Amino acid sequence: MKKDEAKQLADNAIKALQEELKAGHSEKLIQYLNAMSRFHSYSWTNSLLIAMQNPEATLVAGFQRWLKQGRYVRKGEKGIGIMAPLVYRKRDKSGGNLPGASQTADAEGKRSIMGFKIVHVFDVTQTEGDELPEFAKIGGEPGQLLEALEELIRANGIVLKYEVLPGGAQGVSHKGEIGISTHLETAERFAVLAHELAHEWMHDAEQRKSLSKTVRETEAEAVAYVVCTSFGLNCSTRSSDYIQMYRGDEATLIASLDRIQKTSSRMIHALSQSALQREEDSLVA
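So this is what it looks like as structure tokens:
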């Protein structure tokens, strides 16, 4: 796949998603969010490209990375094209490398990107070889993840309150404070906490004025959906049509997808690190 072909594929997918949302349907967005939950470390564009080329993909890596895992790509398998940044070493006026510069960072520690190229990854189903290690999977209950999420909220300086909320609300977010209904089951509580933390991270005072409530609620619920799905939780009683977008503005849609990906990735990474630390602590105890 060439770079212009990848761009065209992504553009077509965005347009198709836009039309679905304009028509009041959310199925394509749900499909894309499912892919984002599996590939949360990838950019939203690459998640979209993977989903478009191989909707069933669950774990992807490059040819050499699979070899390091003791697996090899079967002959004849077609790679999944994604975009990778072209980075370079920052050089001084004499043409030498600046002190502390590297292939992925300039002298100030910032990445220097010249453009993008197409690289190919392969899903695990396209490979053979050594068995991959099995990691413990979360079922229908969040377990220690719920406590980890509560700690993450407080660690960000946000006051967390469990209280009876008016109007049957499950959760509310006021900058610096989250209120959660006392009547939620643990899995639903986890989803609502993720939703409200997404509001806290994504929607500052200016965005709460400039973005419609529909956009803000869609973004927060999309983050909660991605986070829950990534941990194997089906903990939302909301229908998929809760996740809707809003007005046929492509720039707004792309901005939302970018925010959803970055916020989901941030939350998943923090919770994964906490779960790993708790597991290590339990082994030491």
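The sequence shown runs -16 to 268 under the numbering used here. Every residue, glycine too, gets a C-beta built ideally from N, C-alpha and C. Since we're looking at a predicted model, the values are computed, not measured.
Let me make sure I understand the geometry here. Which of S193, S20, V56 and K61 has the alpha-carbon closest to that of Q47?
V56
Once DSSP output is grouped into helix, strand and coil, what is the label at H178?
helix
Taking C-alpha atoms, which residue in L176, D187, S193 and Q190 lies nearest to E204?
L176
On the CB-based measure, 16 or more other CB atoms within 10 Å of its CB, does H166 come out buried or exposed?
exposed
By how many angstroms is the C-alpha of S239 removed from the C-alpha of S20?
16 Å
Is it true that the region 197 to 213 meets the region 170 to 184, where meeting means three or more beta-carbon pairs spaced less than 8 Å apart?
yes
Start and end of the beta strand (DSSP E) containing S9?
S9 -> no beta strand (DSSP E), and no H or E assigned at all.
How far does the beta strand (DSSP E) with Y145 in it extend, from its first residue to its last?
V142 to E146
What are the residues that DSSP puts in a beta bridge with T110?
V56
Tell me whether D241 is buried or exposed, calling it buried when 16 or more other Cβ atoms sit within 10 Å of its Cβ.
exposed
Quick one: using the 10 Å Cβ neighbour count with 16 as the cut-off for buried, is H252 buried or exposed?
exposed
Can you tell which of K(-2), L31, G7 and S26 has its C-alpha closest to the C-alpha of Q14?
L31
N(-5) versus E(-12): straight-line alpha-carbon distance, rounded
10 Å
To the nearest angstrom, how far is the alpha carbon of V70 from that of K100?
10 Å
Nearest-angstrom Cα separation, counted from K58 out to T169:
46 Å
Give me the Cβ distance between V104 and G45, rounded to the nearest whole Å; I'm assuming they're in contact under 8 Å.
5 Å
Boundaries (first-last residue) of the alpha helix (DSSP H) holding M35
W27 to Q36
I need the boundaries of the alpha helix (DSSP H) containing E134, first residue and last residue.
Q127 to A138
Given that a residue counts as buried once 16 or more other Cβ atoms are within 10 Å of its Cβ, and exposed if not, what is E171?
buried
Spatial distance of L148 from S164 (CA atoms):
6 Å
Backbone CA spacing between E189 and K144 [nearest angstrom]:
25 Å
Comparing alpha-carbon positions, which option in H182, Q(-9) and Q244 lies nearest E200?
H182
In three-state terms, what does DSSP make of E202?
helix
Among the candidates S248, T41, Q256 and L216, whose CA atom is the shortest distance from the CA of T110?
T41
Could you tell me how far apart the beta carbons of N29 and T212 are, in whole angstroms, since I believe they sit closer than 8 Å?
The Cβ separation is near 18 Å, so there is no contact.
Proximity to G215 [Cα-Cα], best of W49, K61 and F173
F173
L132 and L254 look like a contact to me (Cβ under 8 Å); what is the Cβ gap, rounded to whole Å?
6 Å
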